[in-house]
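S.K.: Sharing a structure here in structure tokens format.
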Amino acid sequence: MDPNCLFCKIISGHIPCKKIYEDEDVFAFWDIAPQAPKHFLVIPRKHIAGPAALGSDDEQLIGKMMRVGARLARENGIGDGFRVVFNNGAEAGQSVFHIHMHILGGRPMHWPPG
Ligand code: 5GP
Ligand code: ZN
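The opening position of the sequence shown corresponds to residue 1 in my numbering, with each subsequent residue numbered one higher.
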């Protein structure tokens, strides 16, 4: 845990959130500023700054995040169509430096993304 990290504080309960799911590895909650009718985040309990900071021993964890994210999408009514986004670095729009998988759905998604 990084004491200065917003998402570590959400995991520990020091900052409230609308939790969807948690287990020993991952935590999922609704985004505070949703960009689609359904928009939630899946994060690992382990503090990792972002995709570029992943180590080889994190590969299973990232796979689990995707599997849990897809299941939660299905359980929340967007299983047939959802967008998965990881932002890496401020230039790409990353604002919280604890790796997170955005899952968005409930409206048509456009390509290319902005
Ligand atoms: P990023 O821009 O780093 O890819 O995504 C960070 C996301 O975290 C944004 O979509 C933002 O709305 C969300 N977020 C920031 N602060 C909070 C918070 O305190 N609670 C929740 N639930 N989401 C947050
Ligand atoms: Zn963190």
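Just so you know, even glycine gets a beta-carbon here, dropped at the ideal spot from N, CA and C.
Quick caveat, the model's predicted, so the values are computed rather than measured.
1) Out of Phe82, Trp30 and Ile99, which has the shortest C-alpha to C-alpha gap to Ala90?
2) With distances taken Cα to Cα, identify the nearest neighbour of Ala49 among Met109, Phe7, Leu104 and His110.
3) Which same chain residues, not among the five before or five after Gly79, have their C-beta less than 8 angstroms away from its C-beta?
4) Rounded to the nearest angstrom, what separates Glu117 and Asn88 at their Cα positions?
5) Just list the residues that DSSP pairs Phe82 with in beta bridges.
M.R.: Taking the coordinates as given:
1) Ile99
2) Phe7
3) Ala70 and Ala73
4) Residue 117 lies beyond the residue range present for the chain, which begins at 1 and ends at 114; the question has no answer from this structure.
5) Gly105
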